[in-house]
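Some notes on the structure that comes next.
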Amino acid sequence: MDFAAGEDHHPQPIEQILSFSILLSDQIRRAVDDSKSYKLECLEVGKLVDHLSKMLRSFVRLTNATPSFDDRPVRRVFTEVTRNLTRALTLVRKCRRRSIFLHVISIVSATEFRKLFLLLDASIGDMKWLLSIFDGGTDSAAGVVLSLPPIATNDPIIAWVWSYISSLYLSPLNVKIEVANELCLLANDNDRNKKMIAEEGGIPPLLKLLREDSSPEAQIAAATTLFNLADNQDRARLITTDLGVPIIVQSLQKSQIRVQIAVAKLIGRMAENDEVSQEAFARENVIRPIVTLLSFDTGENQYEKQSIHSIYRINKVGLLSSTPSSATLWSINRKERENESSELKLELKTSCSRALWMLARGNLANCKILTDTKGLLVLAQLVETETGELQTNCLMNVMEITAAAESNPDLRRAAFRTNSPAAKAIVDQLLKLIHESETAGILIPAVRLIGSLARTFPARETRVISPLIKQLSHPNPDVVAESAIALGKFASPDNFLCTEHSKTIIEFDGVIPLMRLLRGNDRTQHNALVLLCYLAMHAGNSEALVQARVLTALEGAADKSSVGLHSQLRPLVAEAIQQLNMYHAGVIPSQKVSSYTP
1 MDFAAGEDHH
11 PQPIEQILSF
21 SILLSDQIRR
31 AVDDSKSYKL
41 ECLEVGKLVD
51 HLSKMLRSFV
61 RLTNATPSFD
71 DRPVRRVFTE
81 VTRNLTRALT
91 LVRKCRRRSI
101 FLHVISIVSA
111 TEFRKLFLLL
121 DASIGDMKWL
131 LSIFDGGTDS
141 AAGVVLSLPP
151 IATNDPIIAW
161 VWSYISSLYL
171 SPLNVKIEVA
181 NELCLLANDN
191 DRNKKMIAEE
201 GGIPPLLKLL
211 REDSSPEAQI
221 AAATTLFNLA
231 DNQDRARLIT
241 TDLGVPIIVQ
251 SLQKSQIRVQ
261 IAVAKLIGRM
271 AENDEVSQEA
281 FARENVIRPI
291 VTLLSFDTGE
301 NQYEKQSIHS
311 IYRINKVGLL
321 SSTPSSATLW
331 SINRKERENE
341 SSELKLELKT
351 SCSRALWMLA
361 RGNLANCKIL
371 TDTKGLLVLA
381 QLVETETGEL
391 QTNCLMNVME
401 ITAAAESNPD
411 LRRAAFRTNS
421 PAAKAIVDQL
431 LKLIHESETA
441 GILIPAVRLI
451 GSLARTFPAR
461 ETRVISPLIK
471 QLSHPNPDVV
481 AESAIALGKF
491 ASPDNFLCTE
501 HSKTIIEFDG
511 VIPLMRLLRG
521 NDRTQHNALV
531 LLCYLAMHAG
541 NSEALVQARV
551 LTALEGAADK
561 SSVGLHSQLR
571 PLVAEAIQQL
581 NMYHAGVIPS
591 QKVSSYTP
């Protein structure tokens, strides 16, 4: 066992460790009776060991009466006690007979006895501390027992952690709540404390406390502490490994709104930091209840005909009738949530929207589940009606779905069909944001989302291109770059309708702002140049390209060193120049047929 690190890859049964220490104390008692030299020292050893033996036996009786407890401090203390008792037995046995080397041995033995007395005193101090934890654990008035055992002299924090974790097992509920809050504060101090709490077994009792549905305070304390611990992959994974995901999902479904807020935050953090946890939550069907919570108390829309709200209400009924757990959640807690303050409702939706975002981020399977729950309609309505963090989180959710759909034809066809109410609702809200918002934090994801959906728009859907062209003149260079990238996805040869979209971009006066961008920073320059190449390749006979002197601009760009730095840009510029030269010479080049995947 690596005592310093507190690790034991093949731990002995706790009963064996306890019984072996008692056996050693009995052997020392007999060895003291047989001693011939250093009688006084051996008798003193016997007294100390007798005291220690009584404490050992008392502790065994306590553990036998305790159904569950944290065995890590017990193992650490008893390992040290066993080590000291073994040392005592070895030393006392040397005193059974006199020897011709008595003088030499006496020098060594006197020193050894003095060291041994100190070690046995330390073991007695450790046992007093251990007994105080078990004795005080059942006393609600005593609270948390905080003292410093000799074994933790060099690291007092570990003694606190042991005391807190033991109290989570042994104390009444009111003390457990206090302990969980103290652990939360301790975890907030630094990463070392978080690591120590996790490694010393703090996660299982916190998960057990999270199941205390009779006490919302206990659940909130447990969820908040777990949230603080789950800020890296290892600890988030440990919560999942300790079978925490089913407990967390159950707490989300059956608890009060304040608990649901804390649990939703925990889900979001675990999914953010660990892919295994992200997938484990999906297997526990957590996405459906989160969408249900997001859709709670949603206001009416102003659409005249088939509004998002009306579509959403139909889908909500289907959602609840098809999932008993979600239906139970909705019916049991609906009245309680209706009576809560608007601030709490907003906080619940915000935490749920972030959890949903983290579950969808980079995960195709979860994006499919989200679209299957009709979550797109809910997200579209929240994008329309909300502001601030909630609106941003919903936008980021949609961005994850559209990014997945961009690279996955099956998801694209299923979620973003031309006649899909969800797709129409999303596009309507995105265009509204692009038209009305001046905030880069909103514009950038909205523009990026339209670009991800470029392959889903028919040629007649020209209304999505004009707002993007307008953003090419935005004062924020990041918005400009994203707009050029999005338009590039419409005009790219990978898009089956690239020719039609290219003509639309030119028709809506997109060439002039692109020419201005060639004088911008490297990023805007690059993306503007790519888009101009696409326009030249697919609509090279346009008079607008001639008037804007696009050919001259491309020829000038081809000579720049920056073009040479991009391996894919140089042949693209060369092809665009070739296409324009052929048009100017009166030769109509043959159009390349792109592979079409709607």
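Under full-length UniProt numbering, the first residue of the sequence shown is numbered 1, with each subsequent residue one higher.
For each residue, glycine too, the CB sits at the ideal point set by N, CA and C.
Beta-carbon gap between Thr66 and Leu206 smaller than 9 Å: Not closer than 9 Å, so no.
Can you grab the Cα-Cα spacing for the pair Leu266 / Glu340, in whole Å? One C-alpha to the other measures close to 21 Å.
Which ranges does the alpha helix (DSSP H) cover as unbroken runs of at least 4 residues, wholly within the region 457-527, from first to last along the chain? Restricted to the region 457-527, the alpha helix (DSSP H) segments that are unbroken, complete and at least 4 residues in length are 465-471, 477-491, 498-507, 511-517, listed in chain order.
Sequence-distant residues of its chain with Cβ nearer than 8 Å to Thr392 (five each side left out): Result list for Thr392: Gly441, Ile442, Pro445, in chain order.
Kindly list the residues whose CB is nearer than 8 Å to the CB of Leu545, restricted to its own chain and excluding five residues on each side of it in sequence; keep chain order. Only Ile506, Val511, Leu535, Ala536, Ala539, Leu551, Leu580 meet the Cβ criterion.
Tell me which residue opens and which closes the alpha helix (DSSP H) that Glu343 is part of. 342-360 is the span of the alpha helix (DSSP H), which, as asked, contains Glu343.
Would you give the residue range spanned by the alpha helix (DSSP H) that Ile157 belongs to? From DSSP, the alpha helix (DSSP H) with Ile157 extends over 156-170.
Just curious, the alpha helix (DSSP H) that Gly202 is in, first and last residue? Premise fails: Gly202 is in no alpha helix (DSSP H) and is neither H nor E.
So, at 7 Å on beta carbons, what are the nonlocal neighbours of Leu146 in its own chain, with the 5 sequence-adjacent residues on each side left out? Contacts found: Trp160, Ser163.
Please name the residue in Arg30, Leu131, Leu89 whose C-alpha comes closest to that of Phe113. When each option's Cα is compared against that of Phe113, the closest is Leu89.
So, with DSSP's three-state summary, where would you put Asn397? Assignment of Asn397 by DSSP, reduced to helix, strand and coil, places it in the helix class.
Looking at the structure shown, is Ser420 part of a helix, part of a strand, or coil, going by DSSP? For Ser420, the secondary structure class from DSSP, reduced to helix, strand or coil, is coil.
Residues near Ile261 by beta carbon distance below 6 Å, same chain, minus five either side: Taken in chain order, the residues that qualify are Glu347, Leu348, Ser351.
In this structure, does DSSP put Asn408 in helix, strand or coil? In the structure shown, Asn408 sits in coil (DSSP, three-state: anything other than H, G, I, E or B).
Any idea if Gly362 is buried or exposed, counting beta-carbon neighbours within 10 angstroms, 16 or more meaning buried? Classification for Gly362: exposed.
Helix, strand or coil at Tyr38 [DSSP, three-state]: Looking at Tyr38 - three-state DSSP - the assignment turns out to be coil, as it is neither helix nor strand.
Residues in the same chain with beta-carbon distance under 7 Å from Arg57, minus the five sequence neighbours each way, listed in chain order, please. Cβ contact annotation for Arg57 (same chain, cutoff 7 Å, sequence separation greater than five): Ile22, in chain order.
Assigned exposure category for Glu41 - 16 Cβ within 10 Å defines buried: Buried: at least 16 other Cβ atoms inside 10 Å.
If we call anything under 9 Å between Cβ atoms a contact, is Pro458 one with Thr418? Against a cut-off of 9 Å, the Cβ pair of Thr418 and Pro458 comes out as a contact.
Please classify Lys128 as buried or exposed, where buried requires at least 16 other C-beta atoms within 10 Å of its C-beta. Burial call: exposed.
Count the other CB atoms, across all protein chains shown, that sit within 10 Å of the CB of Arg96; report buried if there are 16 or more and exposed otherwise. So Arg96 counts as exposed.
What separation, rounded to the nearest whole angstrom, lies between the Cα atoms of Ile290 and Ser353? Their backbone Cα atoms lie some 8 Å apart in a straight line.
Between Pro150 and Gln278, what straight-line distance do the alpha-carbon atoms span, to the nearest angstrom? About 42 Å.
Close-in-space but distant-in-sequence residues of the same chain around Val427 (CB under 6 Å, 5 per side omitted): Closer than 6 Å at the Cβ level, and outside the excluded window around Val427, lies no residue.
Among Ile287, Ser255, Arg192, the one whose alpha carbon lies nearest that of Glu212: If we check each option's Cα against that of Glu212, Ser255 comes out closest.
Looking only at its chain, what residues have a beta carbon closer than 7 Å to the beta carbon of Ala404, apart from the 5 residues adjacent to it on each side? Hits under 7 Å: Leu364, Cys367, Leu411.
Check whether the Cβ of Ile133 sits closer than 8 Å to any heavy atom of the ligand HEM, and report yes or no. In terms of ligand content, the structure shown is empty, and the ligand HEM therefore cannot be addressed.
Nearest-angstrom beta carbon gap, Val480 and Leu518 [assumed within contact, 8 Å]: By a beta-carbon distance limit of 8 Å, Leu518 does not contact Val480. Their separation comes to about 12 Å.
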